[in-house]
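Note that our numbering has the sequence shown beginning at -19, numbered continuously upward.
Cβ coordinates follow ideal geometry from the N, Cα and C atoms, glycine included.
First comes the structure, then the notes that go with it.
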Amino acid sequence: MMRKLLLVLLLLNMTACSGVKMWLVGKDTVIEATELKTIKDPLALNVVWKTRLSQDKHAHAVQLQLASDGESVFAATQEGEVSARNLTTGAVRWTVNTGVLLSGGVGLGDSLLAVASSEADLILLNSKDGHEVWRTNAEAEILSVPVITANRVIVQTVAGSVIGYDVATGERLWVFDSSVPVLSLRGSSSPLIVDDLVLSGSANGKLFALDFMNGWMKWESSVAVPRGRSELDRMVDLDGNILADQGVVFATSFQGRVVAIDLYSGRVFWARDFSSYSGIALDERQLYLTDEEGLVWALDRRNGASLWKQDALKGRRSGVPVIYKGYLAVGDFEGYVHLLSTSNGQLMGRVRIGNQPFLAAPLVVGDYLLVYGENGDLALLTMD
């Protein structure tokens, strides 16, 4: 039976007779995309350079995150290309073709890159020249970003497995398996390494903390509990990014909750109902996230209380937010990157990169913001 399903009911774009774009949330809620309004005295987001990578028309079904070491930007295409470009000029440094359809990446470590394929291939490359170090098979598709450390490569598969590999040889060292429901969103959260723990979110709404060396479970905590009669009602995927800071783990799920959890015990500090499939951003005081309808929220990280909500992006499939130069940057389904005030959510500026949604969360590298569209548009932005 299929374990992962591209949920048309969730992510389908429609063009109505009037030309108004809509999309569906859950079983029966139709959300109309909010029309963008002119911003008075906007902040200027400038395109430093822009290029287009070869990209499959179905690239929205994968998660190909950008990576950077501060000098180069590394990008992968679903068609199998991995490339390195000069960060500030966009000039190509090297390009390799892996020979497989890529579905997860790019993970970055010390002079190493990791990408994964829809056929379960895990490929480690040298980041200096793209030379292949090793290749192995995880036995299930990988839709998340592999994590590279000094002695491990950690991946999470759509079958619910978290696997630890030897970074030098590619030998499989340990496997942790969790159950996967019959119906779930197409995607996986990427593992997060904190101290000696591997944090992993599952399609059944649970967050696991595993021992980094052997994969043994230290604790588990429920971010969401399946509710309802139908399989669709009971979907509680934890597909967004997981963040940890000062001993607290923050996570959210689809049709579930947003939670703050003790890193070392799994005890829930606070939780509130929330539904999101994208991810979260964090600063010293606030937690930022987008909900399933595209609204952008700021919560008090101490207790989860609402601080502000921005509904001007409702229906625009707001993606994963990131903190950029003290503002909140978030992409939408028409290729716009929006800047919001972190203090009150006010829209402060925007720039359009293309006409397609973004393939990955924006990546902040120093004074720059990197964005990557589903149609292959790769751009470096800066703000005056």
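Cut-off 8 Å between Cβ atoms - residues of its own chain near residue i, not counting five sequence neighbours on either side
i: V228; result: A240, I241, D242, L243, F249 and R281
i: M328; result: I19, P22, L23, Y307, L319, L320 and S321
i: G50; result: L67, V345 and G346
i: L275; result: K289, Q290, D291, L293, K294 and S298
i: V368; result: Residue 368 falls outside the range modelled here, since the chain spans only -19 to 364, and no answer is possible.
i: R32; result: N355, G356, D357 and L358
Candidates the options: closest to residue i by CA position
i: V344; options: F313, N335 and P301; result: P301
i: G85; options: S180, S169 and A231; result: S169
i: S245; options: E200, L105, Q226 and K289; result: E200
i: K17; options: W277, E354, Y316 and L349; result: Y316
i: D253; options: R296, D225 and S202; result: S202
i: D175; options: D225, A278 and D157; result: D225
i: N221; options: K186, G181, K198 and A309; result: G181
i: N355; options: K30, F156, L187 and E119; result: K30
i: D157; options: V80, N324, A278 and F188; result: F188
i: V80; options: T69, A100, A71 and G70; result: A100
i: K198; options: V178, A231, S107 and V76; result: V178
i: L232; options: E264, R265 and N184; result: Reading off the sequence, residue 232 comes out as Thr, not Leu. That would be N184, whose Cα lies nearest to the Cα of T232.
i: S256; options: A139, G353 and F230; result: F230
i: A139; options: V125, R152 and A118; result: A118
i: W114; options: T78, V331 and K305; result: T78
i: P171; options: V331, P126 and R152; result: P126
i: E273; options: N283, D263, F313 and K305; result: F313
i: V76; options: A47, G110, I333 and L287; result: G110
Integer Cβ distance of residue i from residue j, believed to fall under 8 Å
i: E121; j: S141; result: Actually they do not touch by this definition, with Cβ atoms about 11 Å apart.
i: D191; j: A130; result: Contact flag wrong, Cβ pair sits at about 16 Å.
i: A340; j: L88; result: Rounded, the Cβ-Cβ distance is 13 Å, inconsistent with contact.
i: G368; j: A285; result: Only positions -19 to 364 of the chain appear in the structure, and residue 368 is not among them; the question remains open.
Cβ shell of residue i (< 7 Å), same chain only, five flanking positions each side left out
i: D347; result: T362
i: D364; result: A24 and N26
i: E112; result: I103 and L105
i: T14; result: A292, L293, K294, G295 and R296
i: N283; result: W250
Neighbourhood of residue i by C-beta, 6 Å cutoff - its chain only, sequence neighbours within 5 removed
i: W154; result: G144, N194 and G195
i: A251; result: R237 and V239
i: L82; result: A56, Q58, G60, V95 and S97
i: A261; result: Y268, P301, V302 and I303
i: T116; result: L102 and G150
i: V28; result: L360 and T362
i: A64; result: S52, F54, R73 and W74
i: G258; result: First, the amino acid is wrong: residue 258 is Ser here, not Gly. Counting only Cβ-Cβ distances below 6 Å, and skipping sequence neighbours, we find G220, T270, G299 and V300.
i: G311; result: G299, V317 and F338
One or two residues paired with residue i in a DSSP bridge
i: T149; result: Per DSSP, none; premise fails for T149.
i: H111; result: DSSP, once it has assigned bridges, lists no residue as partnering H111.
i: G144; result: I134 and W154
i: M193; result: Answer by DSSP bridge pairing: none, since M193 is not bridged.
i: S286; result: L279
i: R237; result: D253
i: F366; result: Residue numbering for the chain in the displayed model covers -19 to 364; residue 366 lies beyond these limits and cannot be assessed.
i: K186; result: S202
i: R128; result: Arg is not the amino acid found at residue 128; the sequence shown has Ile there. Looking at the DSSP assignment, I128 forms a beta bridge with V133.
i: Q43; result: G84
i: G89; result: L92
i: G356; result: Note: G356 sits in no beta bridge, so no partner.
Residue span of the beta strand (DSSP E) that contains residue i, given as start and end
i: M328; result: L327 to R332
i: F230; result: V228 to T232
i: Y348; result: Y348 to Y352
i: A251; result: V248 to F254
i: F54; result: S52 to A56
i: T75; result: V72 to N77
i: E61; result: E61 to N66
i: Q266; result: Q266 to T270
i: N106; result: D101 to N106
i: V80; result: First-last for V80: undefined, no H or E at that position.
i: N221; result: Taken as a continuous stretch (DSSP letters only), N221 belongs to no beta strand (DSSP E), as it is neither H nor E.
The ligand MG heavy atom lying under 7 Å from the CB of residue i
i: G144; result: This structure simply doesn't include the ligand MG, nor any ligand for that matter.
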